[in-house]
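Taken in sequence, the protein lines are chains A and B.
Take the first sequence: its position 7, counting from 1, is numbered 6 in numbering that gives the first Met the number 0, and each next residue is one higher.
Take the second sequence: its position 471, counting from 1, is numbered 470 in numbering that gives the first Met the number 0, and each next residue is one higher.
For glycine and all other residues, C-beta sits at the position ideal for the given N, C-alpha and C.
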Amino acid sequence: MGACNEMNRILDKKRLSETVYSMRVEAPLIARERKAGQFIILQLCEDFGERIPLTVADADPAEGSITIIFQAVGKTTRKLAGMDVGDKIAALVGPLGTPTHIENFGTVVCVGGGIGVAPLHPIAQAMKAAGNTVIIIMGARNKELLILEDEMRAIADELIICTDDGSVGRKCLVTEPLKELCEQNPKPDLAVAIGPPVMMKFCAATTRPYAVPTQVSLNTIMVDGTGMCGGCRVTVGNETKFVCVDGPEFDGHLVDFDNMMNRLNSYKKQETTDHQCKVGTKAGEPA
Amino acid sequence: MTYIPAETLAAEAKKTWAEVSAKKEPLKPKDRMAIPAQEMPSQDPAIRRSNMEEVALGYSAEEARLEALRCLQCTTAPCIAGCPVSINIPGFIQAIADGDNKKAIDILKESSLLPAVCGRVCPQETQCQAPCTVGKALKSVDKAVSIGRLERYVADWERENGLMEIPAIKPNTGKKVGIIGTGPAGLTVAADIRREGHDVTLFEAFHKPGGVMVYGIPEFRLPKAIVQKEIDTLTAMGCELKTNFVIGRTRKISDLLGEDGFDALFIGTGAGLPRFMNIEGENLVGVYSANEYLTRSNLMRAYDKERAATPVFDSERVAVLGGGNVAMDAARTAVRLGAKEVYLIYRRTEVEMPARVEEVAHAKEEGVIFHFLQNPKRILSDERGWVRGIECLRYELGEPDASGRRRPVEIKGSEFEIELDTVIVAIGNDSNPLIRQTTPGLETNKWGNIIVDENGKSSIERIYAGGDIVLGAATVILAMGEGRKAAAAMNKMLANS
Ligand SMILES: Cc1cc2nc3c(=O)[nH]c(=O)nc-3n(C[C@H](O)[C@H](O)[C@H](O)COP(=O)(O)OP(=O)(O)OC[C@H]3O[C@@H](n4cnc5c(N)ncnc54)[C@H](O)[C@@H]3O)c2cc1C
Ligand SMILES: Cc1cc2nc3c(=O)[nH]c(=O)nc-3n(C[C@H](O)[C@H](O)[C@H](O)COP(=O)(O)OP(=O)(O)OC[C@H]3O[C@@H](n4cnc5c(N)ncnc54)[C@H](O)[C@@H]3O)c2cc1C
Ligand code: SF4
Ligand code: SF4
Ligand code: FES
Numbered sequence: 000m001g002a003c004n005e006m007n008r009i010l011d012k013k014r015l016s017e018t019v020y021s022m023r024v025e026a027p028l029i030a031r032e033r034k035a036g037q038f039i040i041l042q043l044c045e046d047f048g049e050r051i052p053l054t055v056a057d058a059d060p061a062e063g064s065i066t067i068i069f070q071a072v073g074k075t076t077r078k079l080a081g082m083d084v085g086d087k088i089a090a091l092v093g094p095l096g097t098p099t100h101i102e103n104f105g106t107v108v109c110v111g112g113g114i115g116v117a118p119l120h121p122i123a124q125a126m127k128a129a130g131n132t133v134i135i136i137m138g139a140r141n142k143e144l145l146i147l148e149d150e151m152r153a154i155a156d157e158l159i160i161c162t163d164d165g166s167v168g169r170k171c172l173v174t175e176p177l178k179e180l181c182e183q184n185p186k187p188d189l190a191v192a193i194g195p196p197v198m199m200k201f202c203a204a205t206t207r208p209y210a211v212p213t214q215v216s217l218n219t220i221m222v223d224g225t226g227m228c229g230g231c232r233v234t235v236g237n238e239t240k241f242v243c244v245d246g247p248e249f250d251g252h253l254v255d256f257d258n259m260m261n262r263l264n265s266y267k268k269q270e271t272t273d274h275q276c277k278v279g280t281k282a283g284e285p286a
Numbered sequence: 000m001t002y003i004p005a006e007t008l009a010a011e012a013k014k015t016w017a018e019v020s021a022k023k024e025p026l027k028p029k030d031r032m033a034i035p036a037q038e039m040p041s042q043d044p045a046i047r048r049s050n051m052e053e054v055a056l057g058y059s060a061e062e063a064r065l066e067a068l069r070c071l072q073c074t075t076a077p078c079i080a081g082c083p084v085s086i087n088i089p090g091f092i093q094a095i096a097d098g099d100n101k102k103a104i105d106i107l108k109e110s111s112l113l114p115a116v117c118g119r120v121c122p123q124e125t126q127c128q129a130p131c132t133v134g135k136a137l138k139s140v141d142k143a144v145s146i147g148r149l150e151r152y153v154a155d156w157e158r159e160n161g162l163m164e165i166p167a168i169k170p171n172t173g174k175k176v177g178i179i180g181t182g183p184a185g186l187t188v189a190a191d192i193r194r195e196g197h198d199v200t201l202f203e204a205f206h207k208p209g210g211v212m213v214y215g216i217p218e219f220r221l222p223k224a225i226v227q228k229e230i231d232t233l234t235a236m237g238c239e240l241k242t243n244f245v246i247g248r249t250r251k252i253s254d255l256l257g258e259d260g261f262d263a264l265f266i267g268t269g270a271g272l273p274r275f276m277n278i279e280g281e282n283l284v285g286v287y288s289a290n291e292y293l294t295r296s297n298l299m300r301a302y303d304k305e306r307a308a309t310p311v312f313d314s315e316r317v318a319v320l321g322g323g324n325v326a327m328d329a330a331r332t333a334v335r336l337g338a339k340e341v342y343l344i345y346r347r348t349e350v351e352m353p354a355r356v357e358e359v360a361h362a363k364e365e366g367v368i369f370h371f372l373q374n375p376k377r378i379l380s381d382e383r384g385w386v387r388g389i390e391c392l393r394y395e396l397g398e399p400d401a402s403g404r405r406r407p408v409e410i411k412g413s414e415f416e417i418e419l420d421t422v423i424v425a426i427g428n429d430s431n432p433l434i435r436q437t438t439p440g441l442e443t444n445k446w447g448n449i450i451v452d453e454n455g456k457s458s459i460e461r462i463y464a465g466g467d468i469v470l471g472a473a474t475v476i477l478a479m480g481e482g483r484k485a486a487a488a489m490n491k492m493l494a495n496s
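(1) Please list the terminal residues of the continuous alpha helix (DSSP H) segment that includes ASN324/B.
(2) Against VAL222/A, what residues of chain B qualify as contacts under a CB-to-CB distance less than 8 Å, listed in chain order?
(3) Alpha carbon to alpha carbon, what distance is there between VAL211/B and SER430/B?
(4) At a cut-off of 7 Å, is CYS117/B close to ligand 4 when judged by its beta-carbon and the heavy atoms of the ligand?
(5) Mind checking if LYS142/B is an interface residue toward chain A, Cβ cutoff 8 Å exclusive?
(6) What do you reckon, are the CB atoms on MET151/A and ILE134/A nearer than 8 Å?
(7) Whole-angstrom Cβ separation of GLY115/A and GLY194/A, contact assumed at under 8 Å?
(8) At which residue ranges does the stretch 214-281 of chain A contain complete beta strand (DSSP E) runs of 3 or more residues, listed in the order of the chain?
(9) Please compile the residues from chain B whose C-beta is within a distance smaller than 7 Å of the C-beta of PRO94/A.
(10) If we ignore side chains and look at the alpha-carbon of each, how far apart do VAL120/B and VAL213/B end up?
(11) Which term fits ALA210/A, buried or exposed, when burial requires 16 or more other beta carbons within 10 angstroms of its beta carbon?
(12) Specify whether the stretch 258-266 of chain B and the stretch 173-184 of chain B touch according to this definition: at least 3 beta carbon pairs, one from each stretch, less than 8 Å apart.
(13) Less than 7 Å between the CB of PRO83/B and some heavy atom of ligand 3, yes or no?
(14) I'd like the span of the alpha helix (DSSP H) that includes GLU157/B, first residue to last.
(15) Have a look at HIS274/A and ASN243/B and give me their C-alpha separation to the nearest angstrom.
(16) Helix or strand or just coil, what does DSSP make of ARG194/B?
(17) Is it buried or exposed, GLY1/A, if we count other Cβ atoms within 10 angstroms and call 16 or more buried?
(18) What three-state label does DSSP hand GLY482/B in the structure shown?
(19) Rounded to whole angstroms, what's the CA-CA distance from GLY93/A to PRO27/A? Just pull it up for me.
(20) Residues bridged to PHE38/A by DSSP?
(21) With a floor of 4 residues, list each alpha helix (DSSP H) that falls wholly inside the stretch 242-305 of chain B, ordered by position along the chain.
(22) So ASP303/B contacts chain E; which residues on that side make the cut at Cβ distance below 8 Å?
(23) Assign GLU25/A to one of three DSSP states: helix, strand, or coil.
(24) LEU8/B: which of LYS23/B, ILE46/B and ALA63/B sits nearest, CA to CA?
(25) Are the beta-carbon atoms of ARG23/A and VAL55/A separated by less than 8 Å?
(26) What does the alpha-carbon distance come out to for the pair GLY98/B and ILE88/B?
(27) Could you work out which residue in ALA143/B, ASN277/B and CYS82/B is closest to MET479/B when comparing CA atoms only?
(28) For the beta strand (DSSP E) holding ARG33/A, just list the boundary residues, first then last.
(29) If you compare alpha carbons, which of VAL244/A, ASN258/A and VAL235/A is closest to THR250/A?
(30) Could you have a look at TYR20/A and say whether DSSP puts it in helix, strand or coil?
(31) Have a look at the DSSP bridge pairing and note the partners of ILE344/B.
(32) Have a look at VAL84/B and THR181/B and give me their C-alpha separation to the nearest angstrom.
(33) Does the beta-carbon of SER296/B have 16 or more other beta-carbons within 10 angstroms, so that it is buried, or is it exposed?
(34) Buried or exposed for THR99/A, going by 16 or more other Cβ atoms inside 10 Å?
(35) Compare the C-beta of GLN70/A against all C-beta atoms of chain B and say whether one is closer than 8 Å.
(36) If we cut at 8 Å on Cβ distances, does LEU28/A have a partner in chain B?
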């Protein structure tokens, strides 16, 4: 079979919470090109493996490595979690997707729920570097499931932590502090919300009455990631968009979240997962 | 068409061959015309409905020689003009008739680099076989000499006997050529340029090379092993293959020509952007583009439910929208994946369908139900947001349009519903905008196809293009033909620079 990539070696592996892992992977070309908001697609076996998208959470062009942070929810992510330093990922392609539009907006609220904090991290970093005041709201079900707290604290002008059970930070959903910020004068110039679809849906619903522009990053099902299959399509303001090329970020006020969530469930029947709880998926869901 | 078992066909051919070869005096045209057209042996439809193996089994030696004897060896050879790469058709057919398969393959290879593929997938009835004298004399293009099947026969003979040779390569020139996309266009260019001694690197976005030949056209029509063999030949020739490499993302065209030191590039990225119809319900769960459906099944091997990690719907009732090869492939794949009823909905009639005649016949044999002169109006949702059915309108044929085909006109008030759980949209592809968007100065037309001159050169020096990215969704043989033309111009340019 064709050229196997010499790259894609796992350089480092960390467990961030019960089901969330961080890996540094050798990928010099992707490390050099990637920008905030972009993702890769990986495959653990070329013949029968599935192609799954993961955000580039961080990159070190000098070392030639990228960092991926993922939650072990199903077949591929669990198998990946079982791999060790030195192992090679069979296929890794990227960076894919349109980079986040970064500029000095003024004040940007970054809202991350559960594993969504991972893709949010490079965006918050870039927003800060562009001169924005960055307020970060992080949500998780409980203290144990909170990831990247130190990394986010290092970026944030203000950091608000919310947990469902109040084990750390405020006992509330992320939408609560978001609403408070929108009520302030001046209100934030931009909100960026990344997390489970329900959370993004309610973040968008929260900011809408205040007309605070809200970016969301959609995690649809993908196959090729290059605009060829249309499997990742979503309805945005009555138009069909392909998340892998037109996104993954869109105007949260225009996304049809219900349709998107439906499409995410397309293969529920076939994916024989043991319904292990998905960490933090409830964050942001209204009580 | 009624199915005739392969064994019956083979036995008949043996008998006829014994009679024909016993004749002392040379065959007269009348004798040749009297030889029955040799049917293609194929798997029993009842069995092949539930396997992915190739449907058409290929001619036996007797069948091939009999079919070859049907050729009248016309001095004018109108068939050649029908072939986009001008294969010396009577030449290679005569060699088969003489039992000299080696000579036949050598003649084929003068013009075609992928005879095993083209013999299988060319729309012969509108190309080489359309003007064939025998078909004309017998008043049916179905009775023309089966040029494609003979082409496949010799190519398979060569491969199955391990006779495929690695072409001779000229001494290294030190020049470097990058080829973007590994469909038939890219593979052809790679071979022709490597032969001249230039370094060749192929870039492919997917994890496997072959383009539509591996992700689109199903195994039951074009076995992947055949495409793989062609790729093995290229790597044996010393071409470098970089899979999982998206030009425009991993590297840009300007990086390749600049920092990375490529002397020339060929863009053969195909037409990979699925069209949708913009009707209500198109994003419901259960609506696929044919590209997605076929990619899941072919490239990701979702049909192998035991081993593949990629899922595909277990559909019961499927509608495929469209009438081309892509639609046939999707419908026949749905049958094989276990759907109980598969409808093909096309807005014109069978005559206007652009699909290969053989594929339509095979689809019918396999139980695909054709609905002509109908078009979907909207896709219907159940309470969960999944497909429940489709609402269609009936059409009738009106005045001919610009393409000369009679235009379907909707019949007012003719709406009706079909109950379904899956809809596959196969109404065509546009070109992927990624390279265009990341390459300033690269001129494209209003459909996003790259504009090239008669040598395949784009608006940027040292960048050539060909195949579907130039032609719009076309055919394997045209992609290969364009590739050869561009490669010749590139070789000339490199020799003079
Ligand atoms: C642009 C993009 C960036 C992403 N970035 C990250 C990231 O940085 N970290 C991370 O952990 N995940 C990320 N995801 C989600 C990740 O791709 C899925 O979790 C992964 O595909 C699941 O694969 P699996 O084989 O392990 O699970 P499967 O066995 O395929 O599925 C397990 C369960 O997850 C659900 N599921 C399947 N696909 C998705 C999906 N795309 N999103 C959410 N649920 C899904 C299934 O319905 C099923 O219930 C991203 C997705 C996209 C589109
Ligand atoms: C389902 C189906 C059935 C068909 N049936 C027939 C048939 O029976 N007969 C026939 O003659 N024709 C048929 N065709 C059409 C035929 O397959 C195409 O015309 C032909 O493959 C075009 O060849 P190509 O080399 O231009 O591109 P493709 O075969 O499309 O190959 C392009 C390659 O480029 C890669 N690529 C794209 N963008 C990038 C990038 N930015 N970086 C790196 N790589 C990239 C793609 O992944 C792909 O592998 C069919 C097509 C389909 C979809
Ligand atoms: S390449 Fe295609 S058109 Fe040409 S002779 Fe062969 S089958 Fe016919
Ligand atoms: S036109 Fe038909 S009969 Fe004549 S040379 Fe060509 S294939 Fe043979
Ligand atoms: S994943 Fe195939 S088009 Fe986006």
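With the given structure in hand:
(1) Sequence index remark: in the second sequence, residue 324/B carries index 325 (1-based). Element bounds for ASN324/B: 324-335.
(2) For the purposes of this step, residue 222/A is taken as the residue at position 223 of the first sequence. Residues of chain B passing the Cβ test: GLU291, THR294, ARG295, MET299 and THR309.
(3) Residue mapping note: residue 430/B aligns to position 431 of the second sequence, counting from 1. Residue mapping note: residue 211/B aligns to position 212 of the second sequence, counting from 1. The straight-line gap from Cα to Cα measures roughly 13 Å.
(4) Within the second sequence, residue 117/B is the residue found at index 118, counting from 1. Answer for CYS117/B: no, Cβ out of range of ligand 4.
(5) Counted from its first residue, the second sequence places residue 142/B at position 143. So no, LYS142/B is outside the interface.
(6) Here residue 151/A refers to the residue found at position 152 when the first sequence is read from its first residue. Here residue 134/A refers to the residue found at position 135 when the first sequence is read from its first residue. No.
(7) Indexing the first sequence from 1 puts residue 115/A at position 116. Indexing the first sequence from 1 puts residue 194/A at position 195. About 3 Å; that satisfies the 8 Å criterion.
(8) 232-235, 238-241 and 248-250
(9) As a working mapping, residue 94/A is identified with position 95 in the first sequence. Here the neighbours are ARG248.
(10) If you number the second sequence from 1, residue 120/B lands on position 121. If you number the second sequence from 1, residue 213/B lands on position 214. Computed Cα separation, rounded: 13 Å.
(11) Position 211 of the first sequence holds residue 210/A. With fewer than 16 Cβ atoms within 10 Å of its Cβ, ALA210/A is classed as exposed.
(12) yes
(13) By one-based count along the second sequence, residue 83/B stands at place 84. Yes.
(14) As a working mapping, residue 157/B is identified with position 158 in the second sequence. From DSSP, the alpha helix (DSSP H) with GLU157/B extends over 146-159.
(15) Position 275 of the first sequence, counted from the start, is the residue given in the question as residue 274/A. Position 244 of the second sequence, counted from the start, is the residue given in the question as residue 243/B. Low per-residue confidence applies at HIS274/A: pLDDT is 38, beneath 50, and the placement is therefore not dependable enough to give any value.
(16) The residue given as residue 194/B occupies position 195 in the second sequence. If DSSP states are grouped into helix, strand and coil, ARG194/B belongs with the helices.
(17) If you number the first sequence from 1, residue 1/A lands on position 2. Summary for GLY1/A: the model assigns pLDDT 36, below 50, so the residue's position carries little reliability, and this model does not support an answer.
(18) Taking the first residue of the second sequence as position 1, residue 482/B is located at position 483. For GLY482/B, the secondary structure class from DSSP, reduced to helix, strand or coil, is helix.
(19) By one-based count along the first sequence, residue 93/A stands at place 94. By one-based count along the first sequence, residue 27/A stands at place 28. Distance between the alpha carbons of GLY93/A and PRO27/A is about 11 Å.
(20) Residue mapping note: residue 38/A aligns to position 39 of the first sequence, counting from 1. Paired residues: THR54/A and LEU95/A.
(21) Listed in chain order, they are 252-256 and 289-296.
(22) Any reference to chain E falls outside this structure, whose protein chains are A and B.
(23) As a position in the first sequence, residue 25/A is number 26, starting the count at 1. Strand at GLU25/A.
(24) Taking the second sequence and counting its residues from 1, one reaches residue 8/B at position 9. The option with the nearest alpha carbon to LEU8/B is ALA63/B.
(25) Taking the first sequence and counting its residues from 1, one reaches residue 23/A at position 24. Taking the first sequence and counting its residues from 1, one reaches residue 55/A at position 56. It is not a contact, given that the beta carbons lie outside the stated cut-off.
(26) The residue you call residue 98/B lines up with position 99 of the second sequence. The residue you call residue 88/B lines up with position 89 of the second sequence. About 16 Å.
(27) Taking the first residue of the second sequence as position 1, residue 479/B is located at position 480. Selected option, being the one with the closest Cα: CYS82/B.
(28) On the first sequence, position 34 is the one that residue 33/A refers to. Segment: none, ARG33/A is in no beta strand (DSSP E) and carries neither H nor E.
(29) For this step, residue 250/A is matched to residue 251 along the first sequence. In the sequence on display, residue 250/A carries Asp and not Thr. Closest option to ASP250/A, Cα to Cα, is VAL235/A.
(30) One-based indexing of the first sequence puts residue 20/A at position 21. Strand, per DSSP.
(31) Here residue 344/B is taken as the residue at index 345 of the second sequence, counted from 1. Note: ILE344/B sits in a beta bridge opposite LEU320/B and HIS370/B.
(32) As a working mapping, residue 84/B is identified with position 85 in the second sequence. As a working mapping, residue 181/B is identified with position 182 in the second sequence. Looking at the two C-alpha atoms, the distance is approximately 20 Å.
(33) Counted from its first residue, the second sequence places residue 296/B at position 297. That one is buried.
(34) For the purposes of this step, residue 99/A is taken as residue 100 along the first sequence, with counting starting at 1. That one is buried.
(35) What you label residue 70/A is simply residue 71 of the first sequence in a count that begins at 1. No, its Cβ sits nowhere closer than 8 Å to a Cβ of chain B.
(36) As a first step, residue 28/A is located in the first sequence; it is residue number 29 there, counting from the start. Yes, LEU28/A counts as interfacial toward chain B.
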